[in-house]
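Enquirer: Residue numbers for the sequence shown, in my numbering: 1 to 153.
C-beta: ideal position from N, C-alpha, C; glycine also.
Note that this is a predicted model, so its numbers are computed, not measured.
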Amino acid sequence: MDDRTFRNAMGKFATGVTVITTELDGEVHGMTANAFMSVSLNPRLVLISIGERAKMLNKIKESGTFAVNILSEEQREVSMLFAGQIQEKREIEFDRLAELPVIKDSLANICCKVYRQHVEGDHTLFIGEVTDIVLRDGAPLAFYEGKYREIVG
Ligand code: FAD
């Protein structure tokens with residue numbers, strides 16, 4: 001099996017799209033991520049997976065906190081911006097929740113403090129204990145076979 005086959009197989013798993021946000025020394029950093037899952041109800045835990053080359057990795061290690069912002073279908077450009085798929089720099093205005101910057105108009109803002117972290121291969125898995133949540137109605141942005149999709153209900 002080659003890397004392409006592995007990537008293609010993983011791409012067969014349809015996901016939503018999130019932007020992870022954190023703040024360090026007053027500076028906000030965001031990164032698009034679809035490696036997100038719910039882990040436990042008691043305590044309330046979620047998981048994200050961050051690549052070793054992502055700037056986000058050290059920012060979360062140092063801040064000890066992060067927010068998961070679940071994007072709506074209207075937020076494709078937001079995903080592209082925080083994945084480096086749009087080159088131009090843009091000024092983004094963030095909301096605040098539980099002392100963290102969060103993405104406005106997301107379907108959910110989920111604030112977390114780092115509960116545990118595990119280095120596995122070339123990624124670090126952060127387990128987050130959920131400290132606050134805000135929810136909004138709307139349709140989700142989806143990602144499948146390497147492309148953004150909208151869910152047709
Ligand atoms: P950078 O590449 O520096 O930042 C990302 C972009 O966000 C840059 O364009 C930067 O200008 C912009 N940005 C950051 N902060 C701000 C701010 N405050 N205001 C305005 N713009 C800002 N990688 C993973 O490790 N795990 C995943 O689960 C994952 N899932 C992905 C899912 C999808 C659908 C896509 C498209 C990509 C995914 N990636 C994932 C890849 C990841 O999003 C990119 O590699 C990203 O560029 C890494 O970000 P970085 O932390 O290195 O920072």
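Just to check, is the beta-carbon of Lys89 closer than 8 Å to a non-hydrogen atom of the ligand FAD?
Expert: Indeed, a heavy atom of the ligand FAD lies less than 8 Å from the Cβ.
Enquirer: Can you name, in chain order, every residue of its own chain whose Cβ lies under 6 Å from the Cβ of Ile154, other than the five neighbours on each side?
Expert: The question about residue 154 has no answer, for the chain in this structure spans 1 to 153.
Enquirer: Just reading off the beta strand (DSSP E) that Lys113 is part of, what are its end residues?
Expert: Start and end: 108–120.
Enquirer: Run through DSSP, which three-state label would Gly51 get?
Expert: The answer is strand: DSSP assigns Gly51 an E or B state.
Enquirer: Rounded to whole angstroms, what is the Cα-Cα separation between Met56 and Thr32?
Expert: Computed Cα separation, rounded: 10 Å.
Enquirer: Given 8 Å as the limit, tell me if Val17 has its C-beta closer than that to any heavy atom belonging to the ligand FAD.
Expert: Under cutoff, so the answer is yes.
Enquirer: Please report the distance separating the alpha-carbon of Phe6 from that of Gly121.
Expert: So the two alpha carbons sit approximately 15 Å from each other.
Enquirer: Start and end of the alpha helix (DSSP H) containing Asn58?
Expert: Its alpha helix (DSSP H) spans residues 56–63.
Enquirer: Looking at the ligand FAD, does it come within less than 8 Å of Ala33, judged from the CB to the closest heavy atom?
Expert: Indeed, a heavy atom of the ligand FAD lies less than 8 Å from the Cβ.
Enquirer: What are the uninterrupted segments assigned as beta strand (DSSP E) that are 3 or more residues long and contained completely in the stretch 119–148, given in chain order?
Expert: As far as the stretch 119–148 is concerned, its whole beta strand (DSSP E) runs of at least 3 residues are 123–135, 141–144.
Enquirer: Starting from Val180, trace the beta strand (DSSP E) both ways and give me its first and last residue.
Expert: Nothing about residue 180 can be read from this structure; the chain reaches only from 1 to 153.
Enquirer: Going by beta carbon distance, what residues of the same chain come within less than 6 Å of Glu62, once the five residues before and after it are set aside?
Expert: These residues qualify, in order along the chain: Leu24.
Enquirer: Say whether the stretch 71–88 touches the stretch 37–50, bearing in mind that this needs 3 or more beta-carbon pairs closer than 8 Å, one atom from each stretch.
Expert: Judged by Cβ distances under 8 Å, the stretch 71–88 makes no contact with the stretch 37–50, as fewer than three pairs qualify.
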